[in-house]
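These notes are about the structure you will find just below.
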Amino acid sequence: MARKQSTTPEAPTERVYLIDSMSHIFRAFFAPMSGRSDPLTNTQGQVTQAVFIFTSMLRKLLADEKPHYIAAVFESGEKTFRHETFTEYKAHRAEMPDDLTSQLPYIIRVCEVFNIPILNSPGFEADDVIGTLAVQAAARGLQSVIVSNDKDMCQLVRDPWVTCMRQNSQNVKRKEPVPPVEWCDEAWVENKFGVPPAQIIDLLGLMGDAVDNIPGAPGIGAKGAVQVVKQFGSIENALKGWEEVKHKSYRESLRDNADLIRQSRELATIRTDVPVELDLEKLRSRPPDRAAAYQLFRELEFQSLTREFSDAAAGFADAEASTPRRYRIIRKRSELDTLVRSLWEAEHWGFALSDSTPAGAGQQGGGRAETKATGVAISTAAGAAAYIDLENFEEGAEAALGPLKDVLANGLLSKSVHDLKRAVALLEPYGFEPEGITDDTLLAAYLLDPVRSKYELSDLAREAVGAESAGDAPEGWTEMQWRAAEAADLTAQTAGVLHSRLLEQGLETIYMEIELPLAPLLHRMERAGLRVDTTVLSELSKYLGVELDKLTKKIHEVAGREFKISSPKQVGEILEELNISSGRKTSTGRISTSKAVLEELAQTYELPRLIIEYRELDKLKTVYTDALPNQIGADGRIHGQLNQTVTATGRLSSSEPNLQNIPIRTELGRSIRRAFVAENGFKLISADYSQLELRLLAHITRDPEMLDAFQKGDDIHARTARLVFGAKTPEELKEARRFAKIVNFAIAYAVEPFGLSQRVGISRKEARKVIDDYYETYKGVHRFMEEVPVQAREHGYVRSIYGRIRPIPGINDRNGNIRGRAEREAINMPIQGTASDIVKIAMLRVEEALKRENTGARMLMQVHDELLIEAPEAEAESVAALVRREMEAAVELDVPLTVEVGIGDNWMDAK
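When we follow the numbering used here, the leftmost residue of the sequence shown carries the number 547, and every step to the right adds one.
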């Protein structure tokens, strides 16, 4: 919708469009998309919704308005003068969601391909930059159009020189409909807010702003603020004439809070004197870079936009003819024997297996489903593959399995596969395991880029060797057979390239000695599963149900009325009604009822504490006691999935169900583990590294105090209590040690003052002092915290002790929030990545020792730094000693590794 032309005679004819970028980006991220319940995501797992909606907004703006001059104004990411004036400014804002953070670089690129300049100014907010440029434009006879829905911008409106353009989503349900575009002149502002633009800052100064944590005048809300401003015209006049105010609470608030009100007005005032210059030549509208736009939208998988810019696709591969495929099906023994003979001569070959799931999937397969391979595909040359059809083999599947086992289970023949864990699972029913695996393209790709969400073989092959899909299955092939042949072909082509990259990156040792050997072990653990006592779960479920009913009645009694406790919206409304809201809001404008907010309120009020307790018990009931029985197999055991290619740090993750997330900080949470029991005649053994992250922190940082504590076997938490908190007496030490434990682990995760204040229950200022005192005590830790981000900025990644890589893509980002999060990820990686490596090494050592000693024991689960073993009752003590020995000797560090071992009939008792 093009802007209506002003009827004012002196109206400027040229306009500068200033986009309040972050305002639009947040709205785009949280906006509902027509016909979708989940966010827009590409096949790489990258959420792209905010990018798409922002791009659509931008293109519509360019098409409808045809601006003479345009700029996208962003935040600098640094603290501003407002933070110096008021330390709590924006303190309640939640951190930007990771799914939004990851989209910001793409949005920057969108602006760049459309040749829209990106502006910001350190120490100032985007609002201030926009205000300054608008004033400068007016001085040069230009009209400024501020593209923003932020009410704060309305203070800048001045006919005919500055107007605001609001873009309203039509996918949002509203009480009253609004047009897609609203033009906000002085009349619109006064009609909307009750005061003209010149008095908006007085209005904001009185009513405050919960989103930015501007306090305003206590007791004077939006309605009262309008009344006061209309009566007095300004805050200063109101403060002078407060006795004339009729409303008692307004009068007292003006009398008692003059400084706070003036400060709120100052915080709400948009500066117009930022050190930026209106460079019209730089802001002049230019056509997009069509080649760059095509490349970007193709990467984002925006199909319509890719087609729109496809005229610039010269040099890209969309129109490439696919490579001819020489794939064949083998159903005769004579043909199979010929193939097998050639494999003995081949230097290397790739294979893939077909079953009910596609070969070449982007994530590891699980071991829950009892399935077996229906065919084996083998490739020795690019573009060629043979598919051995076990289901329709003329002499029967057994006739094919003999020759196949001779080559697949031969450790002297070098071969590659995509997803070794899946291959082990599919061949196990035939009585053998693949050997001689020198490459798993899934694991190789993961090690090279652990922050990638999926590792589809077709994507890896295209990126590594330029190989394209073989297309649809031809006549005579099923889709599953054709995909298996293609997977073998692409695996064989891709494996060598990825292996070379692993060598270049110094990752071959961790690949060959840890990740590849681990995959078969993970399958065996999945197949073993954990036995579950449903009686325990049933009893717990009943107990939790009774407790939840009691809590529901108590919550409704305290609240004064009934409401849906599981609804964040209704909880927010209740908190607001009772005037115990923190003032924090979600990005959609609702009262925040996050755990952090409720924990803060629970220090003062009973209701938030009860709601926290309700949520915890409800999660135990719905996620565990009620859901776990439905996931038990016919053998009475839960066969979950252990994922090797999910986390950025190298840690294993658990799914279907996630047994790593069973809460253990509360007695009820721990009691869930009581349902996981040993088989009759067996015991469960829990072996858990003690303070592994802190021991690694000491080893990596070489801090003398920490090294001394662990080398002497001292209590590290007690030492921190004495050195940092100054505890002297036994009573002081007991209390201080509890805080010291929280601080020790928080520091290892690069906690910031706000985070520490939430965990310990102290002010941010106190938390800052604790961190400073901690760094003064443990100087080596402080040095490490400062050096790692510098190294990450230089290299773009961080390594574990054993060479594992984690890319840190946001470490040089212009946005301070993104950069800060990246710095914490960088600091965390050497510790978490090394812990991951040590636990995996320990798993392999323990597995080898259990086989060597022929104990009859088997590994069932790995959770964080803990291994769970099931052993015959008569062997439990000796197995426990063996496991402790192997885990403690897994690696050599400058501090000893210690392992806590327990034996029991169930997981809880063994812990």
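We put the CB at the ideal spot given by N, CA and C, even for glycine. Keep in mind the model is a prediction, meaning the values are calculated, not measured.
Fewer than three Cβ pairs drawn from the segment 1143-1161 and the segment 1185-1204 lie within less than 8 Å of each other, which leaves the two stretches out of contact. Around the beta carbon of residue 737, a 10 Å sphere encloses fewer than 16 other beta carbons of the protein chains shown; the residue is thus reported as exposed. The beta carbons of residue 1445 and residue 1430 sit closer together than 8 Å.
Judged by DSSP in its simplified three-state form, residue 852 adopts helix. Contact between the segment 785-799 and the segment 832-846 is absent: fewer than three C-beta pairs spanning the two stretches fall below 8 Å. Rounded to whole angstroms, the gap between the alpha carbons of residue 968 and residue 1069 is 8 Å. By the neighbour-count criterion, in which 16 or more other beta carbons inside 10 Å mark a residue as buried, residue 1427 falls on the exposed side. Boundaries of the beta strand (DSSP E) around residue 1413: 1412-1418. The three-state reading of DSSP puts residue 897 in strand, counting E and B together. In this chain, residue 1295 is not harboured by any alpha helix (DSSP H), its DSSP state being neither H nor E.
In this structure residue 1440 is not in contact with residue 1263, their Cβ atoms being roughly 20 Å apart against a cut-off of 8 Å. One thing to note: residue 1083 has its Cβ within 8 Å of the Cβ of residue 1174. If you draw a straight line from the Cα of residue 1357 to the Cα of residue 1333, it comes to about 13 Å. For residue 1253 and residue 1380, the gap between their C-alpha atoms comes out near 17 Å. By the Cβ test, the segment 562-573 is in contact with the segment 672-691, since at least three Cβ pairs between them sit closer than 8 Å. The beta carbons of residue 1387 and residue 1425 sit about 19 Å from each other, so the pair does not count as a contact at 8 Å. For residue 711, the secondary structure class from DSSP, reduced to helix, strand or coil, is strand. Around the beta carbon of residue 1276, a 10 Å sphere encloses fewer than 16 other beta carbons of the protein chains shown; the residue is thus reported as exposed. Annotation: the segment 1175-1258 contains the following complete segments of the beta strand (DSSP E) (minimum length 3 residues), in chain order: 1187-1189, 1199-1201 and 1228-1235. DSSP places residue 730 in no alpha helix (DSSP H) but in the uninterrupted beta strand (DSSP E) bounded by 727-730. By the C-beta density criterion, residue 652 is buried, having at least 16 other C-beta atoms within 10 angstroms. The continuous stretches of alpha helix (DSSP H) do not include residue 699, and DSSP gives it neither H nor E. Secondary structure note for residue 689: its beta strand (DSSP E) is the uninterrupted segment 689-693.
Here residue 1057 is buried. Its C-beta has 16 or more other C-beta atoms within 10 Å. The beta carbon of residue 1411 lies closer than 7 Å to those of 1234, 1235, 1238, 1381 and 1385 in the same chain, with the five residues before and after it left out.
Residue 748 is a Cβ neighbour of residue 780, given a cutoff of 8 Å.
When the beta-carbon positions are compared, residue 991 and residue 1001 come within less than 8 Å of each other.
In the DSSP annotation of this structure, the continuous segment of the beta strand (DSSP E) that includes residue 619 starts and ends at 615-619. Beyond the five residues adjoining it in sequence on each side, residue 987 comes within less than 7 Å, by CB distance, of 962, 964, 1003, 1006, 1037, 1040, 1041 and 1044 in the same chain, given in chain order. Annotation for residue 1407: the continuous beta strand (DSSP E) segment containing it runs 1404-1409.
Contact annotation, residue 1184 with residue 1209: C-beta distance approximately 17 Å; criterion of less than 8 Å not satisfied. Counting C-beta atoms within 10 angstroms of its own C-beta, residue 1113 has fewer than 16 neighbours from the protein chains shown and is therefore classed as exposed. Only exposed fits residue 1309, as fewer than 16 other CB atoms lie within 10 angstroms of its CB.
Judged by DSSP secondary structure, residue 562 falls within the beta strand (DSSP E) whose first and last residues are 561-566.
Membership of residue 930 in the beta strand (DSSP E) is indicated by the continuous run 930-935.
Exclusion of the five residues before and after residue 764 leaves 799 and 803 as the residues of its chain whose Cβ lies within less than 7 Å of its Cβ.
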